[in-house]
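Let me begin by presenting the structure, written as structure tokens, before commenting on it.
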Amino acid sequence: MAQSLSRPNRADIVARLCDLLSPEQVVTDGEQLRLASVDRFKKYQSVHGIFDGPIPAAIVNARSTQDVSKVLAFANDHGINVVARTGRTGTEGGLETAVEDTIVLDGSGMDAILAIDAENMQVTVECGVPLQVLEDKLRAQGLTTGHSPQSKPLAQYGGLVSTRSIGQFSTLYGAIEDMVVGLEAVFPDGTVTRIKNVPRRAAGPDVRHVVIGNEGALCYITEVTVKVFRYQPENNEFHGFLVDDMATGVKVIREVVTNGFRPSVVRVYSPDDARQHFSHFCRDKVVVVFVAEGPRGIVRATSDEIERVVSQYAHERVDPRLIEEWFGNLNWGPDKIEAEKQAMLAEAELGYTTEVSVDWSRTVELYDNVIRRIRTEFPAADDLVLLGAHSSHSYQTGTNLYFVYDYRINCEPREEIEKYHIPLNAIIVEEALRAGGSMVHHHGIGKYRAPWTAQEHGSAYRILAGLKETFDPNGIMNRGTIFPLDA
Numbered sequence: 037m038a039q040s041l042s043r044p045n046r047a048d049i050v051a052r053l054c055d056l057l058s059p060e061q062v063v064t065d066g067e068q069l070r071l072a073s074v075d076r077f078k079k080y081q082s083v084h085g086i087f088d089g090p091i092p093a094a095i096v097n098a099r100s101t102q103d104v105s106k107v108l109a110f111a112n113d114h115g116i117n118v119v120a121r122t123g124r125t126g127t128e129g130g131l132e133t134a135v136e137d138t139i140v141l142d143g144s145g146m147d148a149i150l151a152i153d154a155e156n157m158q159v160t161v162e163c164g165v166p167l168q169v170l171e172d173k174l175r176a177q178g179l180t181t182g183h184s185p186q187s188k189p190l191a192q193y194g195g196l197v198s199t200r201s202i203g204q205f206s207t208l209y210g211a212i213e214d215m216v217v218g219l220e221a222v223f224p225d226g227t228v229t230r231i232k233n234v235p236r237r238a239a240g241p242d243v244r245h246v247v248i249g250n251e252g253a254l255c256y257i258t259e260v261t262v263k264v265f266r267y268q269p270e271n272n273e274f275h276g277f278l279v280d281d282m283a284t285g286v287k288v289i290r291e292v293v294t295n296g297f298r299p300s301v302v303r304v305y306s307p308d309d310a311r312q313h314f315s316h317f318c319r320d321k322v323v324v325v326f327v328a329e330g331p332r333g334i335v336r337a338t339s340d341e342i343e344r345v346v347s348q349y350a351h352e353r354v355d356p357r358l359i360e361e362w363f364g365n366l367n368w369g370p371d372k373i374e375a376e377k378q379a380m381l382a383e384a385e386l387g388y389t390t391e392v393s394v395d396w397s398r399t400v401e402l403y404d405n406v407i408r409r410i411r412t413e414f415p416a417a418d419d420l421v422l423l424g425a426h427s428s429h430s431y432q433t434g435t436n437l438y439f440v441y442d443y444r445i446n447c448e449p450r451e452e453i454e455k456y457h458i459p460l461n462a463i464i465v466e467e468a469l470r471a472g473g474s475m476v477h478h479h480g481i482g483k484y485r486a487p488w489t490a491q492e493h494g495s496a497y498r499i500l501a502g503l504k505e506t507f508d509p510n511g512i513m514n515r516g517t518i519f520p521l522d523a
């Protein structure tokens, strides 16, 4: 735990925030503060009522960019740590309050859809707009953002952009950084910065990327403009196949993607991972999934290519209706999160994921090395009830691997994170870096992958560190996220 940089005491911070905004915007309820001190990385401790980290001084519910500016300027003047949040779906500790007397600055109330511009195919929203709300409104007009992470029912735009999120249709539409046209952000001194909406420009480095993915460690995102696309679900075609091994599955998806085709969904599931999704048909095989989406002619051409590539390998066909049914129930809303909490309490079992990326040539090697190391080196390997992976986002040069691990918890709830989650996460990160890949594909660095940030970037780390020194010289923005506490 880091010592607070704050000069005012806790009561003074609360009083000053109430003066800056209004008292009803400042939350000091003990239970809400405890819940605000963690995110889903510590979901097992949280469901048992264990909150060992620093409890924030207050949650501030911002209603406008001006509110955000006032709070950040106050915090910057007095050395008070600030954690930015919107939808609260973070999974990597990025929302943890690692410093005493932190202000949790919540933008969920900034939830206006400011403009839907169908001519220029873009939409502008405040940071607290839920993705599901925007998507429902767009689809009613025959449009879509193309962004569909599993957290879609809960996630909000500030968090989606700040963590470089990705959606289930990324191979067609891209990730959030491909969708963002322009944005507005507030820096620690209270300065409001706007990056204008243009199709493209060559006016120096792309300054959007100072803001996209900053995880609240450099600035607070208040407004976002993203692209929209035609929504044509009537043309969708679903494909599923069983193949013998991961190497074959990876070859199939690589050939489809590198030949220039862009199914919206391109996935390969290892046998262990497949069993939790496709137990009714997978038969301990590797499962390959595609969805072709878009205009009818493109969908037909894409489906033809999928069939051509798969025909080169031994395979079994899966009824497309089974794939469509599975995909329609993949997202996580409040109901699934509540069910997970009840299961954790009743069964003392837990599931997590760690997602990384790697070149095509080392994908199977990375998969094999992670599984081998966990099976042979992880001290509590006998407690694992699931260990597998899937590829769910592919590119011309490589793919991601989304490792999944479930385990029985044979320790006190307080000890779970150190005994299981942290060492499992570390093995996957280490092997991704050893393979020349990235230690994180789309969940963000948070606080639990921050020890490897310098290794991830190598000689380019000085660029990242320079951004922190320039834009947050007093170090008030989400200490411990991206940049380790001892950096």
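When we follow this note's numbering, the leftmost residue of the sequence shown carries the number 37, and every step to the right adds one. All residues carry an ideal CB built from backbone N, CA and C; glycine is no exception. A quick note: this is a predicted structure, and the numbers were derived from the prediction, not measured.
For residue j and residue i, believed in contact at Cβ under 8 Å, the rounded distance
i: E213; j: H183; result: Actually they are not in contact, since the Cβ atoms of E213 and H183 sit about 11 Å apart, beyond 8 Å.
i: H114; j: P44; result: 6 Å
i: I139; j: V96; result: 6 Å
i: Y305; j: H426; result: 4 Å
i: I86; j: R450; result: 5 Å
i: Q192; j: S144; result: 6 Å
i: T338; j: W396; result: 20 Å between Cβ atoms; not a contact.
i: T125; j: L170; result: Contact doesn't hold; Cβ gap of about 15 Å is too wide.
i: G218; j: K232; result: 5 Å
i: E101; j: V119; result: Reading the sequence as shown, one finds Thr at residue 101 and not Glu. At roughly 18 Å, the Cβ-Cβ gap does not stay under 8 Å, so T101 and V119 are not in contact.
i: V4; j: S495; result: Nothing about residue 4 can be read from this structure; the chain reaches only from 37 to 523.
i: V406; j: F439; result: 6 Å
Coarse secondary structure for residue i, derived from DSSP in three states
i: S474; result: strand
i: V288; result: helix
i: M37; result: Summary for M37: the model assigns pLDDT 48, below 50, so the residue's position carries little reliability; its value from the coordinates is reported in the next sentence. Note: M37 maps to coil in three-state DSSP.
i: L278; result: strand
i: R200; result: coil
i: D522; result: coil
i: N446; result: coil
i: P235; result: coil
i: V346; result: helix
i: E454; result: helix
Own chain partners of residue i with C-beta closer than 6 Å, once the 5 adjacent residues on each side are dropped
i: R332; result: N271
i: E220; result: R230, T258, E259
i: F314; result: V323
i: S82; result: V74
i: P520; result: A486, P487
i: G195; result: T122, G123
i: T180; result: L174, F265, Y267
i: K377; result: V83
i: A211; result: I202
i: G330; result: none
i: K188; result: L167, Q168, N367
i: I152; result: V159
i: S206; result: H429
Paired residues, beta bridge with residue i - DSSP
i: E383; result: In DSSP, E383 forms no bridge with anything.
i: P166; result: Q192
i: A221; result: T229, I257
i: L179; result: R266
i: T389; result: V440
i: V63; result: I95
i: M215; result: DSSP output for M215 lists no bridge partner at all.
i: R353; result: F277
Residues near residue i in its chain [Cβ-Cβ closer than 7 Å; skip 5 each side]
i: A468; result: V392, V394, L402, S474, M475
i: L503; result: V246, L254
i: G129; result: D75, F77, G482, K483, Y484
i: V354; result: G276, F277, L278, F317
i: G164; result: T122, G143, S144, G145, M146, D147, Q192, G194
i: F110; result: R52, L56
i: N461; result: T390, Y484
i: N510; result: N112, G115, P224
i: A490; result: Y497
i: R444; result: A384, E385, D419, V421
Beta carbon proximity, residue i to chain D, threshold 7 Å
i: P59; result: Annotation note: the requested chain D is absent from the structure, which comprises a single protein chain.
Same chain only: Cβ atoms within 8 Å of residue i, ignoring 5 sequence neighbours per side
i: V107; result: L53, L56, L57, V96, A98, V118, I139, L141
Which whole runs of the alpha helix (DSSP H) in the stretch 72–160 are 4 residues long or more, in chain order?
Taking only runs of at least 4 residues, the alpha helix (DSSP H) segments lying wholly in the stretch 72–160 are 79–83, 101–114.
Within the stretch 394–438, ranges of the alpha helix (DSSP H) (whole runs, at least 4 residues):
Those alpha helix (DSSP H) runs which fall completely within the stretch 394–438 and span 4+ residues are 399–413.
Every unbroken beta strand (DSSP E) inside the stretch 299–337 [3 residues or more]:
Counting whole runs of 3 or more residues, the stretch 299–337 contains the beta strand (DSSP E) stretches 301–305, 322–328.
Alpha helix (DSSP H) runs contained entirely in the stretch 458–516, provided each spans 4 or more residues:
Those alpha helix (DSSP H) runs which fall completely within the stretch 458–516 and span 4+ residues are 458–470, 489–493, 497–507.
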